Every structure is written in C-alpha cells, then in structure tokens.
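Counted from 1, the sequence shown has number 241 at position 245 by this note's numbering; the numbering is strictly sequential.
Each residue gets a CB set at the ideal place from its N, CA and C atoms; glycine is no exception.
Only a predicted model underlies this, so the values are computations on that prediction, with no experimental measurement involved.
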Amino acid sequence: MPPRTALRLGFAPRLAGLYIGLFIFSGIQLPFLPVWMRAKGIDPALIGLLVAVPSLVRVAGIPFAAREADRRDELRLAIVVCAAASVFAFVLVGLSAGTLAIFLTYAFASLLYAPVMPLTETYALKGLSARGRAYGPVRLWGSAAFIVASFAAGAALDVLPARHLIWLLVGASGLVALAAITLQPISTRAAAAAAPHLARAGLLRDRRFLAVLAAASLIQGSHAVYYGFSVLQWRAEGLGGGSIAALWAIGVLAEIVLFAFSGRLNVSPTTLLTLGAVGGLVRWGAMALNPPEALLPFLQILHALTFGTTYLGALTYVTRHAPDGQAATAQGHLAIAQSITMALMSALAGLLYAKFGVAAYTAMALAAVAGGICARIAGRPVIMSVAHD
C-alpha cells in the first residue's frame, strides 16, 4: 500500500513540472521570437508568415503522433520522443542563417513540437481522472510559469543581444524534454463505455463532438484581435509597457484562479463553453467601444471565461466522450480545429483592424456568440427514435 500511495502523490507534481516547462517555452516564444527573427535580418513582412508556421504544421504533425500514441497505447513515450526530438530541431533553428534556412528549420522544429501539448492534455486528463485529482490545480502552474517566463525573457532582452534569444527557447525546450522523461506511464484504454455512440459513428461523424470543436474553436478564435493588436492599440493610446504587461498579467491571473477552483465547478462541459461565449460577448463588445483605461482591468478578468472556461469545457468534453483507444486522437482533432480557426481569425482580424480599428472587436463578439450557439447544440440530449410495429 505505501508504494502505491507514493506513486499517486508523485503523479501530479511530475505533470505540473511538464506544464511549467511547456509554458516557460510559450512565455518566451510568443512575445519574443519575432524580436529574434528581426535581429536575424528577416523582413518584417515575412515575420508574420514565419510566426504562423506552428499553426500550419500542426495539421500534419498532431494527427500522426496522436494516432501512433493511441495505436501503441504509449502516450508517455510519444510525449518524450516529440519533446526530445524538438530540442535538437530548435538547436538547428538557432544555428540557421538566412530567411529560407530559418523557415525550413523552424517548420521542422514546429512539426516535432506541435504534438506535445495535445498529447500532454490527454495524459493529464486521463491520469488525473484515474487518480481522483482535478485538472485545474495542476494546469495553473503552467499559467504561472508563462507570466514569470515572459517577464524574465523581457529582462534578458535588456542585457542580451536579441540574436541570442533563440537559446532561451532551446533551453526551454530542453526543460520540456527533461520533465517529459519523469512522467509515469499510463494507459488510455479505459472508460470504453463513456460514449458508445461515438465508437459506433466515429469521432468526426458525431454531431455533438463536431459542435464542441466548433464552439471551442470559435470562442478561442475570438481572441484574435486581442492577441494581435491590443498592445499596439494600448501603446497608441499612451499606455506604458509596465501598464500593458500588468493588463496581460491580470488576464492570466484570472485564469489561474479559475483553474485553482475548477475542481469545485459542478457544471457540464457545454455549460463551461457557454460561459466562455457569454464572456466573449461582454468582453469584446465592450472593447469595440474603446473603453476607458480604468475599465480595462475588469475586462481582463473576463479572460477567466473567454479562455479559461472554454479551455476547460472543451478538454473535459473530449476526454469524457472519446471512445476507448482514441483519447489522443480526439484531443488532436480539437487542437487542429482550434489551430486552423485561429489562423483564419487572425488573418481576418488583421484586415478588420486595418480598416475599422477597435471596432474589429465587434466581429470577435459575433464569433463568440456563434461559438455559444454551437455549445448549446452540443449540450442537447441525443434523441433516439424507436420504430414500432
């Protein structure tokens, strides 16, 4: 009995360590990779294309890795292989010179790294559920790491030449690989009776599963204007870098609080998605009106709904309803749907913001509403018709 208790106590901290590594990586990559690209002499017009590479290659990398993980029932091994291989690929990125070489090596590194997050989500939700542990209190360590990494990388930029920032990313990928190695093996071949109708019909032929993919993708995609242009907007209105960093931190802190208490939320996944849609309608509708600075912190708190409840709702639904042996594949479908939608929404956001400014948030509010409608469709019970003689 004591050895079994030790294993149970060790699962969550090891998983938290992996989330910390993943979000240290994201906290460096998202804000500062374009700075490194510019320092390497890449034309600003091409930086946007290079930054979009991960979204594009996810469509190729995730399905293959997810299918292999499910087929072999080797979820931990798939995470370790992808994470370890991506370390060497990011070293190649750091050694590359010239736009074409950077594009090719970054595409290769992204192809290897892209499956790590959806595979980790599958591992986390399956493993924690089997141990009676809530997902949110473990996942929040990743959000906290994102904040710390972003501020730390920003400080490093003041003392390091921008062309050396890539080595911070290489180091972060190494942390991910090391954390992955410490994970305990688990099986995804459990809870086969969770959704027998999905097993019969197939994941991509089930109306409710597709509705959840659409709901999560539309609500998360509604962040496109915020992610792409909020900093530019706030700087143009006179906000300093510290104030802008604080606003972003408020949003992530609200997300952390939600994750901390998520185990006490006794609501369905589709209700969580609906809450995300309502939050999007309020948040983006208010942002479209160019609210005063004093209102911005309160709107940032809504990130707990627009991102947080949407994230939890989608992952929980997919985990509960994926057929036996298709857990990683189901999470892969979700990741791909969200990636494609975000890429399209980002392109649309650029066009709308260039023409209408902050009024572009109106389209984001409408996208959130559309996501809410999809969530309600997914929440409807399946009505089975019975033929009578």
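### Query
Where do the ends of the alpha helix (DSSP H) carrying His317 lie?
306 to 317
### Task
Indicate whether Trp32 and Ile162 have their beta-carbon atoms separated by less than 9 Å.
yes
### Query
Of the residues Leu347, Ile369, Ser22, Leu11, which one's Cα is nearest the Cα of Ala130?
Leu11
#### Entry: Assigned exposure category for Gln229 - 16 Cβ within 10 Å defines buried
buried
### Message
Let me confirm a value: Lys351 is counted as buried when at least 16 other C-beta atoms fall within 10 Å, else exposed. Which label applies?
### Response
exposed
#### Entry: Helix, strand or coil at Arg279 [DSSP, three-state]
helix
### Query
What is the residue span of the alpha helix (DSSP H) that Gln229 lies within?
220 to 232
### Task
Kindly indicate which residue of Ala220, Trp137, Ala149 has the alpha-carbon position closest to the one of Pro30.
Ala149
### Task
Kindly indicate which three-state DSSP category Ile336 falls into: helix, strand or coil?
helix
### Query
If you pair each beta-carbon of the segment 52 to 61 with each one of the segment 108 to 121, do three or more pairs fall below 8 Å?
yes
### Message
For Ile99 and Ile336, what's the separation of their Cα atoms in angstroms?
### Response
In the sequence on display, residue 99 carries Phe and not Ile. Going from the Cα of Phe99 to the Cα of Ile336 covers about 19 Å.
### Task
Could you name the residues of the same chain whose beta carbon sits closer than 7 Å to that of Leu164, not counting the 5 residues immediately before and after it, in chain order?
Ile24, Ala149, Ala152
#### Entry: Where Gly90 falls, given that 16 or more other Cβ within 10 Å makes a residue buried
buried
### Query
Within 10 angstroms of its Cβ, does Gly367 collect 16 or more other Cβ (buried), or is it exposed?
buried
### Task
Count the other CB atoms, across all protein chains shown, that sit within 10 Å of the CB of Pro319; report buried if there are 16 or more and exposed otherwise.
buried
### Message
For Leu268 and Val253, what's the separation of their Cα atoms in angstroms?
### Response
15 Å
### Task
Can you have a look at Val155 and say buried or exposed, based on whether 16 or more other CB atoms are within 10 angstroms of its CB?
exposed
#### Entry: Proximity winner among Val354, Ala324, Ala364, Ala343, relative to Arg68 (alpha-carbon distances)
Ala324
### Where His160 falls, given that 16 or more other Cβ within 10 Å makes a residue buried
exposed
### Task
Would you mind sorting Val263 into buried or exposed? The rule is 16 or more other CB atoms within 10 Å of its CB.
exposed
#### Entry: Option nearest Leu301 by Cα separation, candidates Val354, Ser218, Gly224
Ser218
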